[in-house]
Each structure stands twice: as structure tokens, then as C-alpha cells.
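>
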Amino acid sequence: MAIIIAECCQNHKGDLKILKDMIWAAAEAGADYAKVQSILADDLTFRERFEEGVVENGVRKAIKRPYQLEYERLKPMNLDDNAFRWFIEECKKARIKPLTTVFTRSRIPFLSSLDWQEIKVASYDCASFPMIRELKEHFRHLFISTGAVFDADVRATASILNGNSFTFLHCVTIYPTPLDDLNLARIDWLRQFTPSVGFSDHTSVARDGLKASIGALYFGADLVERHFTILPTEETKDGPISINPDQLKELVEFSKIPAEEIKDYINKHVPEYDKMVGVPNRAL
């Protein structure tokens, strides 16, 4: 049975009442983890290339994410230290495991002092080797996304974590991700480094539903992470790639059934599956 992570991201809008309802909704749907992001607006750094983005020869090299706009977006959604303590306790009450993504080394001392033994690392930090080294000293298990790094970075991180417990997650850092850009075959490539390999789904819910997540389960993913919301899609930035409680419950049900039954569903309802598998080596 695969693990399911309900990624709350900033879909709580900084409102603990909304986050509480999300925790309990995720637990009721049967998810294994409820996850928030440990990202603070004051930790953002200004980088010129993100002000307008960078495109070279028709290929986007850097996304457009102006500093001031991102700061103003994130500031109201900050979760302070007490909110993290509360989050863990609320997850315990709901009988769902708490998890967070760490974005800076400065947050590690605080996060490692709390009552959890697992931590998530975002794609862009798979190659943050000093952070990886520090995290492995403080947490029993690391979940690490790999969508924004090169093969050599993945190998280096795996080498650093040799002898430690960790999961690599395949993902594509296109929001939303087209089905024919998924390259689920990457899951098998990552398995040479760890027996635990998952998939973080960034596809459009309105367009593709659960196709990518179900395809990943059929392909052998041990874990699926999916953005989760209880709000209308248009209310949050991540709303278009976030599933609702009913869809989360359906995903959990798929995580429990044998591959042969998923195969029948794939054959009937996912004609894009072969394109979704793609190849293990893809351009970054």
C-alpha cells in the first residue's frame, strides 16, 4: 500500500481555522500525512533573474517571480513557531502524521526540536548539500523531491545519505504539468539510489483529475504527494493543482488496491498512460 501525503501548502491562507479543517479532512479521507511548508517571507532573497524571468533560445531558464510580489503574497500566510507546535498536536488528535518542508538551514534547529522525526526537502534543495548533511543528523527519514536538479545532484545527495533512511520523489516543476511531460519512468531511475521512491503530482485537477497520481501508483510509486485544498479552486495560488477531500479519498482508495485492478482502470480511463511514462532521462 502506497503512502499518501496531503500537501496543504499555502492553501490555508495563514488561517489556523482553515488549516485545522484541512487536517481533519485529510485524516478523514485516509491520508497518511498532512504537510505544511516552513517558509517565511522574511527569508526570501532578491535575485535579479527572477524579476522578469530568463528565456534563452526559446527555453525558460528561470521563472518570473518578482521578489516584492512574492513577499507580499507569503507574508500573510506565515506560520509562526507556535503554529507549528499547534499543527503537530492537532495532527495527533486527528490521527494523521504531521510533516513539513524546510527551506532554510536557519529553521532546522527549531524544526528538529519538535515532536516529529521526518522532514521534506523541496526540489530546489535536493542540491543544497550542506542542508542535506545537517538534516540527516536531526531527522530519522528525509523525503526529497528531485524535479529541479541534475542527475549528478541526485547522485551526490544519495551519496551523502548513504546509510540513512530517505525517499526520493520524482516530480516535474511545471505548474501545472502536462501529462506528456511527466516521465514516470524516472521513478525506476531513482530506485537505484533507494528502495523508497515516490511521486509529487503537479498536474491540473480540472484537466487531468487523478490520472497522473493513479498512473504513478500503477508504475510502482511507493508514495504520492498531492496538493490539497478545502477551498474553491480560484481562492489560492495552488488551487488549480490541488485536489479536494473527495478526490483525496479516491486517491487513498487507489493506493490500497492491487496493481492489476489499477491496470484495468488505466486501460479504460487513462489513454495517455504510455506518454505519461516517457523516458527516465529528461531535460531539466
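Numbering (numbering that gives the first Met the number 0) for the sequence shown: 0 to 283. Note that beta-carbon positions come from the ideal geometry of N, C-alpha and C, so glycine has one too. Note that the structure is a prediction, hence the values are computed from the model and not measured.
#1: Extract the residue ranges of the beta strand (DSSP E) inside the stretch 85-131, only unbroken runs of 3 or more that lie entirely within it.
#2: Give me the Cα-Cα distance between Lys74 and Asp124, rounded to the nearest whole angstrom.
#3: Classify His201 as helix, strand or coil using the three-state DSSP reduction.
#4: Do Lys236 and Gln67 count as a contact pair if the criterion is CB distance below 8 Å?
#5: Assign Asp200 to one of two classes, buried (16 or more other C-beta atoms within 10 Å of its C-beta) or exposed (fewer than that).
#6: In chain order, what residues of the same chain have a beta carbon less than 8 Å from the beta carbon of Val284, not counting five sequence neighbours either side?
#7: Let me know the secondary structure DSSP gives Tyr174 once reduced to three states.
#8: Nearest to Pro279 by CA position, among Phe218, Arg206, Leu250 and Thr99, is which residue?
#9: Among all the DSSP beta bridges, which residues are the ones paired with Lys19?
#10: Quick one: complete beta strand (DSSP E) runs, 3+ long, within the stretch 4-57?
#11: Please report the straight-line C-alpha distance between Val153 and Val196, rounded to a whole angstrom.
#12: Check this for me: beta carbons of Ser164 and Val101, under 8 Å apart or not?
#13: May I ask you to report which of helix, strand or coil DSSP gives Ile62?
#14: May I have the straight-line CA-CA distance separating Glu69 from Thr172, to the nearest angstrom?
#15: Would you check if the distance between the CB atom of Leu181 and the CB atom of Gly57 is smaller than 8 Å?
#16: So does the stretch 225-235 actually touch the stretch 182-194, counting three or more Cβ pairs closer than 8 Å?
#17: Output the distance between the C-alpha atoms of Ile4 and Val53, rounded to the nearest integer angstrom.
#18: For Leu181, report the span of its alpha helix (DSSP H) as first-last.
#19: By a C-beta neighbour count over all protein chains shown, 10 Å radius and 16 as the cutoff for buried, is Lys135 buried or exposed?
#20: For Gly13 and Tyr272, I'd like the C-alpha separation in whole angstroms.
#21: Based on the DSSP secondary-structure assignment, which residues constitute the bridge partners of Val225?
#22: Please identify the residue among Glu259, Ile62 and Asp80 whose C-alpha is closest to the C-alpha of Arg106.
#23: Does the beta-carbon of Asp207 have 16 or more other beta-carbons within 10 angstroms, so that it is buried, or is it exposed?
In brief:
#1: 96-101 and 117-120
#2: 21 Å
#3: coil
#4: no
#5: buried
#6: Only positions 0 to 283 of the chain appear in this structure, which leaves residue 284 out of reach.
#7: coil
#8: Phe218
#9: According to DSSP, which records beta bridges pairwise, Lys19 is partnered with nothing at all.
#10: 32-37 and 53-55
#11: 13 Å
#12: no
#13: coil
#14: 18 Å
#15: no
#16: no
#17: 32 Å
#18: No alpha helix (DSSP H) holds Leu181; DSSP gives it neither H nor E.
#19: buried
#20: 37 Å
#21: The question names Val, but residue 225 is Arg in the sequence shown. DSSP lists Ala5 and Asp200 as partners of Arg225.
#22: Asp80
#23: buried
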